[in-house]
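These notes concern the structure reproduced below.
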Amino acid sequence: MKTVVIAGATGYLGAYLVAHYKQQGWAVRALVRSTAAAHTKGLDATEFFEGEATNAATLMGLMEDVDLVVSALGITRQKDGLTYHDVDYRANKNLLDLAVENSVPQFAYIHVLNATKLLNVELVHAKQHFVKTLQAAPIKSTVISPSGYFSDLEDFLNMAKSGRVYVFGSGKYRINPIHGKDLAAACYEIISSEQTFAEVGGPTKYTHNELAEIAFKSLNKKARITHLPNWISVAAQKILETFTSAKTYGPIQFFLSAMRMDMVGKCYGRIRLEDHFAEVLNKETQNNT
319 MKTVVIAGAT GYLGAYLVAH YKQQGWAVRA LVRSTAAAHT KGLDATEFFE
369 GEATNAATLM GLMEDVDLVV SALGITRQKD GLTYHDVDYR ANKNLLDLAV
419 ENSVPQFAYI HVLNATKLLN VELVHAKQHF VKTLQAAPIK STVISPSGYF
469 SDLEDFLNMA KSGRVYVFGS GKYRINPIHG KDLAAACYEI ISSEQTFAEV
519 GGPTKYTHNE LAEIAFKSLN KKARITHLPN WISVAAQKIL ETFTSAKTYG
569 PIQFFLSAMR MDMVGKCYGR IRLEDHFAEV LNKETQNNT
């Protein structure tokens, strides 16, 4: 039986990766900070390895008898005093160094679509720094760049709940977001075929206007969409970057930058955004009863 190490196992995508690789007959070694917390989240790995990816000394033994490393490790919001460089670059570099040291055959990394167009974003810059390091390392590598997760677009649903959705420009930029379950399956396929690079999206391409319309339709509300000039997005981003900390502006910087371009990858999967919004609303209803 082959063994895969999943880093970022307790994150949104990581949990789906653990489940999918286990379903495919792999032994899954999940890197976690707390086994108890992982169990509480329902993570069902073959084995758990407790360690801090930011602290190489805690990772000794992680890569023993391993056939593959898949890292979905990264942070959207800076916390615990850690920066994007600390996690998205340095922590992944610690894993890569250990994989090379232990002669692991392959290392796969979950990146972000259009990274070279988003290098002004600190989060993306740190990720791209690691990608360059990975591709130069003496190990077979696969870099997978998703267009965006369904969970990232729940902001549209939240705005619709308040009665109005705001989009920048004409609202005609496109994105084909993907569900974590479909992305995990796509990752498995891409990694197994030993592709070096892949841009991945969900089954349906939506304009930003359509995202807003779907959000309202999910709520059975009349669509109310306001289009804001792109210069407002640019100005807001510059103000945040100037007067707030990276901890505050980091996630917003990425969101605003990504919303000013098409984010479309190769179509994978079957789950639609409409299905995801319906699931989110159903869970909210259950929690309120």
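In case it helps, my numbering puts the sequence shown at residues 319 to 607.
Every residue, glycine too, gets a C-beta built ideally from N, C-alpha and C.
- Assignment of T525 by DSSP, reduced to helix, strand and coil, places it in the strand class.
- Rounded to whole angstroms, M381 and V483 show a C-alpha spacing of 47 Å.
- Where H443 is concerned, there is no enclosing beta strand (DSSP E), although the alpha helix (DSSP H) around it starts and stops at 440-454.
- Per the Cβ contact rule, the segment 399-409 is not in contact with the segment 340-350 (fewer than 3 Cβ pairs under 8 Å).
- In its chain, beyond the 5 residues on either side, V461 have a beta carbon closer than 6 Å to the beta carbon of F515.
- Distance check between M319 and each of Y334, L335, V384 places V384 closest, using alpha-carbon atoms only.
- Here DSSP, grouped into helix, strand and coil, assigns H357 to helix.
- In the DSSP assignment, K458 falls outside any alpha helix (DSSP H) and within the unbroken beta strand (DSSP E) covering 458-464.
- DSSP places Q555 in no beta strand (DSSP E) but in the uninterrupted alpha helix (DSSP H) bounded by 548-561.
- If the five residues before and after I532 are omitted, its C-beta is found closer than 8 Å to the C-beta atoms of F474, Y524, L591, E592, F595, all from its own chain and listed in chain order.
- A Cβ-Cβ separation of about 7 Å places L386 in contact with A426 under the 8 Å criterion.
- With distances taken between CA atoms, V418 lies nearest to L452 out of P569, L452, I428, T434.
- By the neighbour-count criterion, in which a residue is buried when 16 or more other Cβ atoms sit within 10 angstroms of its Cβ, K445 is buried.
- For the pair S551 and L529, the CB atoms are not nearer than the 8 Å cut-off.
- Here the alpha carbon of L441 sits roughly 7 Å from the alpha carbon of F572.
- With contacts defined as CB atoms closer than 8 Å, L361 and T328 qualify as a contacting pair.
- Collapsing the DSSP output to three states places H545 in a strand.
- Annotation for T321: the continuous beta strand (DSSP E) segment containing it runs 321-325.
- Taking C-beta atoms as the reference points, L349 and G369 count as a pair closer than 8 Å.
- P495 is a Cβ neighbour of L471, given a cutoff of 8 Å.
- At the C-beta level, P464 and G583 come within 8 Å of one another.
- Cα atoms of V449 and H429: separation of roughly 8 Å, rounded to the nearest angstrom.
- Exposure of L437 is indicated by the presence of fewer than 16 other C-beta atoms within 10 angstroms of its C-beta.
- The C-beta of I509 has 16 or more other C-beta atoms within 10 Å across all chains shown, which makes the residue buried.
- Pairing F366 with A354, the inter-Cα distance amounts to about 10 Å.
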